[in-house]
Amino acid sequence: MVNPMSIEELPHTADVRRRILADSREELFSLAAQAMFAVLYPGECDVRSEKIITIDAEEPEDLLWEYLSELLFVSEVESFVVCETVVRFTNSGLVATLRGEPFERERHEGGREVKGVSLSGLSIQTTGDMMSCEIIFDI
Amino acid sequence: MQKAFSSVGLHEWDLPVGYIPDMRVSGRLFLSESLSESLEDGAIRQLANVATLPGIIGHSFGMPDIHWGYGFPIGGVAAFSEEEGIISPGGVGFDINCGVRMIATPLKVSDLGSREDIIGRLYKNVPTGVGSKSALQLSGSALDDLLALGSKWAVTEGYGLADDCTRCEEGGYMKEAVPGNVSEKARKRGIPQCGTLGSGNHFLELQVVSEIQDQEAAKVFGVEEGNVCCMIHCGSRGLGHQVCTDHLKILEKATQKYGISLPDRQLSCAPLTSPEGEKYFGAMAAAANYAWANRQIITHQVRTLFESAFGVSYNEMPLIYDVAHNVAKWEMHTVDGSDKRVCVHRKGATRAFGPGRSELPEVFHKTGQPVIIPGSMGTASYLLAGTETAMEKTFGSTCHGAGRVSSRKEAKKAVRGAAVSAELKKQGIIVRAPSGDAIAEEAPEMYKSSDEVIRVVHEAGLSRIVARMMPLGVIKG
Chain H
257 MVNPMSIEEL PHTADVRRRI LADSREELFS LAAQAMFAVL YPGECDVRSE
307 KIITIDAEEP EDLLWEYLSE LLFVSEVESF VVCETVVRFT NSGLVATLRG
357 EPFERERHEG GREVKGVSLS GLSIQTTGDM MSCEIIFDI
Chain R
58 MQKAFSSVGL HEWDLPVGYI PDMRVSGRLF LSESLSESLE DGAIRQLANV
108 ATLPGIIGHS FGMPDIHWGY GFPIGGVAAF SEEEGIISPG GVGFDINCGV
158 RMIATPLKVS DLGSREDIIG RLYKNVPTGV GSKSALQLSG SALDDLLALG
208 SKWAVTEGYG LADDCTRCEE GGYMKEAVPG NVSEKARKRG IPQCGTLGSG
258 NHFLELQVVS EIQDQEAAKV FGVEEGNVCC MIHCGSRGLG HQVCTDHLKI
308 LEKATQKYGI SLPDRQLSCA PLTSPEGEKY FGAMAAAANY AWANRQIITH
358 QVRTLFESAF GVSYNEMPLI YDVAHNVAKW EMHTVDGSDK RVCVHRKGAT
408 RAFGPGRSEL PEVFHKTGQP VIIPGSMGTA SYLLAGTETA MEKTFGSTCH
458 GAGRVSSRKE AKKAVRGAAV SAELKKQGII VRAPSGDAIA EEAPEMYKSS
508 DEVIRVVHEA GLSRIVARMM PLGVIKG
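Same order as they appear, the protein sequences are chains H and R. In terms of my numbering, the first sequence opens at residue 257 and continues consecutively. In terms of my numbering, the second sequence opens at residue 58 and continues consecutively.
Printed below as a string of structure tokens:
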């Protein structure tokens, strides 16, 4: 379930804007994915299978953007509803385990398609022990 | 109106160079005093950001439905010179050639019978919402043809009438499309989705022509007072979204390569004449063609359903017109007294070419092109005509809709989907959507008044009102 302390809805007139707060980079990336999939599939989600994706990018923001964009692609073409992701960082980027289930219209319809992840204002901040970022999802 | 602007004409405001550093031209906004009350700082900033882009000509324009987006504002228009200008996915958006079309029918409201029934059947026949798939089984080579020929491909395959293509902007396909520039990922997303509506603000609406203001133009366009028509609003689906995503990465690198300094990463761009810019243009044009084919397939679904439901002939449901909202195109415009080829970006804006333009089919030479402006759910939509004034002032552009005024978060707080549906039903408007949130987010009060937006473009001369349509029922994704 979405933790309201970690994913905050921010106002945005046309699209969906979220602030993610986490105590590690792994959690930040997982929560960002969770925020996106909560828009796409707001209902129930049961973990029945896993998929692995690998992303290579140098800059942390690029890595986050590539990761979320790849999740959108995989979820759509493989009709896979992602309940949660577990991220492990590597020397060249990250490896993520996607846990979820096949899309079923009766159980998973009712969300909003995310057309893309905007680069506008996308930056990862570190304050003390906490990491944060703001993301605009085009819907 | 906000202090930064100065009045330069009726509903016309100038945002001066210097509002932010590095502006090359001023901003030019078309807005009434009442609409200015909901103008966000974010939208003004984005209007100014666009003015910093290399090769921009004239002004960075904002239409009266302007609101805060990413990259360009929604309702933003900018033209760039062939020699020094750039192309930017941030000026087109993820949903390439999101657009709207209008289909006429000879039916009267009384012919429809139960509105619940016909809206229910439309909802069943036209795939909508997240995860929906088309009944169309596209092969890889068919997708190539579709990407090259858009609506023309669909009509050739039997999904339309011969005249449908002439009733689309660009004849239903951009000739500059390069299907080979569309990635394998984009193709995978596109193959199962042609003929699907999508979600968000996309819709299919039955309307009645409630008022004609320009009888002559209405006759040329093919609308009659009291007749039922159908409006379809959707775009290039996952294929277009992926084309934008793919090229954002490429153009970010190009931005650095060509030494272009930007105030917003989403404005990443490349010179129009660069390999990166040309590659994006070819892919974007192919995605635009996908959107035209998508709307054409949905048109076919509607006509087929109306044939069986009401016994009206397929041929008696002509396309009035089809316009693109999110696209960049090469166009000829008069700049400083000479004809120049420029690349016009319209993001949440509509082309509004006036009388005599060679791009328009002969039938519209005297009237200017039809301009279709949907209202928000439950409110009036309008059919207008393009004007000479739009050619002179805005590179032939006008607004694209009512324009949001409240965020989706505020919408869900303020209204419940079930209550919105019930209220609309009292007015005789039937709504079908997969969830209450989808309805709440698009509730009429979350948008500016379409009547006011249309009044501004009409009085400012950017387009001329021809007819007003009221909703009867709508399906949403």
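Backbone N, C-alpha and C define an ideal beta-carbon position, used for all residues, glycine too. On a predicted model such as this, the values are computed, not experimentally measured, just so you know.
Cβ closer than 7 angstroms: which chain R residues qualify as neighbours of residue i?
i: GLU365/H; result: GLY186, VAL187, GLY188 and PRO491
i: ILE395/H; result: GLY257
i: LEU296/H; result: VAL187
i: GLY372/H; result: PHE151, HIS298, CYS301 and THR302
Look up residue i in the DSSP assignment and say whether it is helix, strand or coil.
i: MET257/H; result: A caution first: MET257/H carries a pLDDT of 46, below 50, which makes its placement in the model too unreliable to give a value.
i: ALA278/H; result: strand
i: VAL239/R; result: coil
i: LYS39/R; result: Chain R is shown only over 58 to 534; residue 39/R falls outside these bounds and no answer can be derived.
i: HIS124/R; result: strand
i: CYS291/R; result: strand
i: THR424/R; result: coil
i: GLU390/H; result: strand
i: TYR230/R; result: coil
i: ILE77/R; result: coil
i: LYS60/R; result: coil
i: ALA135/R; result: strand
i: LEU72/R; result: strand
i: PRO316/H; result: helix
i: THR223/R; result: helix
i: GLY66/R; result: strand
i: SER331/H; result: helix
Using the DSSP secondary-structure output, state which residues sit across from residue i in a beta bridge.
i: ALA385/R; result: HIS402/R
i: LEU266/H; result: ARG273/H
i: ASN284/R; result: LYS165/R
i: HIS304/R; result: Answer by DSSP bridge pairing: none, since HIS304/R is not bridged.
i: ASP396/R; result: THR391/R
i: GLU340/H; result: ARG355/H
i: HIS116/R; result: SER83/R
i: VAL265/R; result: VAL285/R and MET527/R
i: GLN381/H; result: SER388/H
i: GLY372/H; result: ASP394/H
i: MET159/R; result: MET288/R and TYR378/R
i: LEU440/R; result: ILE429/R and ALA524/R
i: LYS307/H; result: LEU354/H
Identify which residue in the options has its Cα closest to the Cα of residue i.
i: PHE62/R; options: ASP79/R, HIS422/R and GLU90/R; result: GLU90/R
i: ASP508/R; options: LEU88/R, ALA348/R and PRO236/R; result: LEU88/R
i: LYS572/R; options: PHE367/R, VAL392/R and ALA274/R; result: For chain R, the structure presents residues 58 to 534; residue 572/R sits outside this window and is missing.
i: PHE293/H; options: PHE359/H, MET387/H and ASP312/H; result: PHE359/H
i: GLU139/R; options: LEU441/R, ASN238/R and VAL392/R; result: VAL392/R
i: THR312/R; options: GLY493/R, LYS533/R and PRO111/R; result: PRO111/R
i: THR356/R; options: GLN264/R, ASP221/R, TYR76/R and GLY66/R; result: ASP221/R
i: GLU52/R; options: VAL513/R, LEU104/R and ALA524/R; result: This structure gives no information on residue 52/R, because the portion of chain R shown stretches from 58 to 534.
i: LEU195/R; options: ILE175/R, ALA350/R, LYS482/R and VAL157/R; result: ALA350/R
i: ASP174/R; options: ARG408/R, ALA161/R and LEU362/R; result: LEU362/R
i: PRO320/R; options: GLU357/H, VAL338/H and GLY377/H; result: GLY377/H
i: GLY147/R; options: CYS301/R, PHE338/R and ASP271/R; result: CYS301/R
i: GLU233/R; options: GLY207/R, GLU141/R, HIS457/R and LEU254/R; result: GLY207/R
i: ARG355/H; options: THR341/H, GLU365/H, GLY349/H and PHE345/H; result: THR341/H
i: LYS505/R; options: GLY432/R, LYS483/R, GLY534/R and ARG85/R; result: GLY432/R
i: GLY366/H; options: ALA161/R, ALA243/R and GLY257/R; result: GLY257/R
i: GLN59/R; options: ASP79/R, MET80/R and GLY99/R; result: GLY99/R
Which chain H residues are close to residue i, counting only those with a beta carbon under 8 angstroms from its beta carbon?
i: GLU467/R; result: PRO267
i: ARG246/R; result: PHE329, GLU332 and VAL333
i: LEU195/R; result: Going along chain H, no residue has its Cβ under 8 angstroms from LEU195/R, so there is no contact; the nearest lies around 14 angstroms.
So which residues on chain B does residue i lean against when the C-beta distance must stay under 7 angstroms?
i: GLU369/H; result: This model lacks chain B altogether, as its protein chains are H and R.
Whose Cβ in chain H lies nearer than 7 angstroms to the Cβ of residue i?
i: ASP321/R; result: SER376
i: CYS251/R; result: Residues of chain H passing the Cβ test: none, with the nearest at roughly 14 angstroms.
i: GLY295/R; result: GLU332
Since residue i meets chain R, which of its residues come closer than 9 angstroms, beta carbon to beta carbon?
i: PHE359/H; result: VAL187 and GLY188
In chain R, which residues lie less than 8 angstroms from residue i when you measure between Cβ atoms?
i: ILE392/H; result: TYR127
Residues from the region 82–115 of chain R in contact with chain H, defined by Cβ distance under 7 angstroms: GLU97
query: Using a beta-carbon distance cut-off of less than 9 angstroms, what residues from the region 257–289 of chain H approach chain R?
result: GLU265, LEU266, PRO267, HIS268, THR269, ALA270, ASP271, VAL272 and ARG273
query: For the region 458–488 of chain R, which residues have a CB atom closer than 8 angstroms to at least one CB atom of chain H, in sequence order?
result: ARG461, VAL462, SER463, SER464, ARG465, LYS466 and GLU467
field: chain H contacts made by the region 123–141 of chain R, where a contact means CB separation under 8 angstroms
entry: HIS124, TRP125, GLY126, TYR127, GLY128 and ILE131
query: Closer than 7 angstroms, Cβ to any Cβ of chain R: which residues of the region 311–343 of chain H, in chain order?
result: SER325, PHE329, GLU332, VAL333 and SER335
field: chain H contacts made by the region 354–375 of chain R, where a contact means CB separation under 8 angstroms
entry: none
message: Using a Cβ-Cβ cutoff of 8 angstroms, what residues of the region 213–224 of chain R are near chain H? List them in chain order.
response: none
task: Check distances from the C-beta atoms of the region 59–81 of chain R to those of chain H and list, in chain order, the residues that come in under 7 angstroms.
output: none
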